[in-house]
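Under numbering that gives the first Met the number 0, the first residue of the sequence shown is numbered 0, with each subsequent residue one higher.
These notes are about the structure you will find just below.
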Amino acid sequence: MSSTTPNRRKRLLFAAGGVVAILVVWQLLSLVVSPVILASPVDTAVALAGLAWGSKLWIELLITLKRLVIGLAIGVAAGWVLGIAAGVEPRVRSFLEPLRWVVMTIPAVIIALLAMLWLGVGDLAVIFVVAVIVFPTMYVNTLSGATSIDRRLTEMGRVYRFPRRLMLTEVYLPGIASPTVAGLTLAAGIGVRAVVLAEVLGALSGVGHAFSRAMSYLETAELFAWIVVLLALLAAIEFGVLRRLRRRVTRWRKADS
């Protein structure tokens with residue numbers, strides 16, 4: 000415990016140094032580049048404070064969060080369930096392989112444009128884009144975990160005719176726990192980018208729409224303020240939710256073993 004605490008402090012110190020370096024370089028560049036192209040950190044902070052003081056930031060952020068959570072829930076759930084099914088049954092894997100290949104091959108912007116064509120502009124199209132884009136990431140990670148489970152355990156279950164529920168809870172779920180969390184981490188980052196892309200192209204509200212509006216009116220400081228909001232959202236998901244989930248999964252696997 001005593002050795003890990005100084006190491007953690009060192010990591011935090013280096014991370015803080017990296018943030019300071021980014022801010023310094025940003026400030027120096029803003030001195031030689033037009034403010035229309037690059038807002039300074041100070042101007043960005045002022046714009047961010049203005050957004051936070053009013054209701055605009057919170058309204059747009061809540062709209063984006065709603066779309067993100069629903070889209071992630073659908074895409075992650077579908078990828079997780081089908082990933083387990085494909086890992087257990089090779090025929091299911093072969094059946095789903097063309098779908099996985101198509102979704103992972105088509106550029107995200109094309110998926111967003113198709114969603115606008117099919118579903119119009121609004122919540123449904125944005126949620127569809129997020130769900131479709133995060134699905135293959137969750138599917139591949141879950142499938143990887145399911146196929147890497149010790150074959151001796153699965154064969155023993157078949158020989159002794161363990162109930163499917165017992166196989167699921169005692170063999171498959173512990174085996175795919177870590178890949179599931181890894182998939183969630185990737186899906187969350189991809190989901191944030193997907194929801195912003197969809198809102199830029201096909202929504203009349205949300206952070207992405209506000210970002211697009213600021214860019215159209217050359218409100219560069221506000222544009223960078225929205226970028227900071229997105230970075231804060233990703234940090235909250237990564238460090239506030241997913242890191243805790245990873246720790247719980249690690250403790251659960253240690254206790255289970």
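Don't be surprised by glycine CBs; every beta carbon is placed ideally from N, CA and C.
If you're wondering where the values come from, they're calculated on a predicted model, not measured in any experiment.
- request: Throw me the rounded Cβ distance for the M115 and G207 pair, which I believe falls under 8 Å.
  value: Indexing the sequence shown from 1 puts residue 115 at position 116. Indexing the sequence shown from 1 puts residue 207 at position 208. Between G207 and M115 the Cβ distance is about 13 Å, and since that is not below 8 Å, they are no contact.
Neighbourhood of E59 by C-beta, 8 Å cutoff - its chain only, sequence neighbours within 5 removed: Here residue 59 refers to the residue found at position 60 when the sequence shown is read from its first residue. So the list reads S204, G205, V206, H208, A209, once near-sequence residues are dropped.
- request: Would you mind reading off the limits of the alpha helix (DSSP H) that contains R205?
  value: Position 206 of the sequence shown, counting from 1, holds the residue named residue 205. Residue identity differs from the one stated: residue 205 is Gly in this sequence, not Arg. Taken as a continuous stretch (DSSP letters only), G205 belongs to no alpha helix (DSSP H), as it is neither H nor E.
query: DSSP on S29, reduced to helix/strand/coil?
result: Looking up residue 29 in the sequence shown gives position 30. Helix, per DSSP.
field: When L37, I109, I21 are compared against L217, the one with the closest alpha-carbon
entry: What you label residue 217 is simply residue 218 of the sequence shown in a count that begins at 1. Closest by C-alpha distance to L217, out of L37, I109, I21, is L37.
task: Assess, as a yes-or-no matter, whether the stretch 98-106 is touched by the stretch 35-50 under the definition of 3 or more beta carbon pairs within less than 8 Å.
output: no
- prompt: Which residue from L47, F134, R164, V199 puts its Cα closest to that of G121?
  reply: By 1-based counting over the sequence shown, the position of residue 121 is 122. Here the closest residue by C-alpha is V199.
message: My assumption, with CB atoms under 8 Å, is that T179 sits in contact with W79. Please give the rounded CB distance.
response: Taking the first residue of the sequence shown as position 1, residue 179 is located at position 180. Taking the first residue of the sequence shown as position 1, residue 79 is located at position 80. Sure, about 7 Å apart at Cβ, within 8 Å.
message: Going by beta-carbon coordinates alone, are A145 and G82 separated by less than 8 Å?
response: Residue numbering aside, residue 145 sits at position 146 when the sequence shown is read from its first letter. Residue numbering aside, residue 82 sits at position 83 when the sequence shown is read from its first letter. In this structure, A145 sits near G82, with a CB-CB distance shorter than 8 Å.
field: Rounded straight-line distance, which links the Cα of L61 to that of A197
entry: Sequence index remark: in the sequence shown, residue 197 carries index 198 (1-based). Sequence index remark: in the sequence shown, residue 61 carries index 62 (1-based). Distance between the alpha carbons of A197 and L61 is about 16 Å.
task: Can you have a look at L28 and say buried or exposed, based on whether 16 or more other CB atoms are within 10 angstroms of its CB?
output: The count along the sequence shown starts at 1 and reaches residue 28 at position 29. When all chains shown are included, L28 counts as exposed.
- request: Check whether the Cβ atoms of V228 and L67 sit closer than 8 Å, and answer yes or no.
  value: Position 229 of the sequence shown, counted from the first residue, corresponds to residue 228. Position 68 of the sequence shown, counted from the first residue, corresponds to residue 67. No, the pair does not count as a contact, with Cβ atoms beyond the cut-off.
6 Å CB neighbourhood of F161 in its chain, flanking five on each side removed: Working through the sequence shown from its first residue, we reach residue 161 at position 162. Closer than 6 Å at the Cβ level, and outside the excluded window around F161, lies no residue.
task: Pull up the CB-CB distance for V35 and M137, whole angstroms please, since I reckon it's below 8 Å.
output: The residue you call residue 35 lines up with position 36 of the sequence shown. The residue you call residue 137 lines up with position 138 of the sequence shown. No, V35 and M137 are not in contact; Cβ-Cβ is about 40 Å, not under 8 Å.
message: Tell me the rounded alpha-carbon separation between I226 and I148.
response: Locating residue 226 in the sequence shown gives position 227, counting from the first residue. Locating residue 148 in the sequence shown gives position 149, counting from the first residue. C-alpha separation (whole angstroms): 41 Å.
Y171 - DSSP class collapsed to helix/strand/coil: Reading the sequence shown from its first residue, position 172 is the one you call residue 171. Three-state result, Y171: helix.
message: Closest to I189 by C-alpha separation, out of Q26, L230, V31, E221, would be which residue?
response: Mapped onto the sequence shown, residue 189 falls at position 190. When only C-alpha atoms are compared, the closest one is L230.
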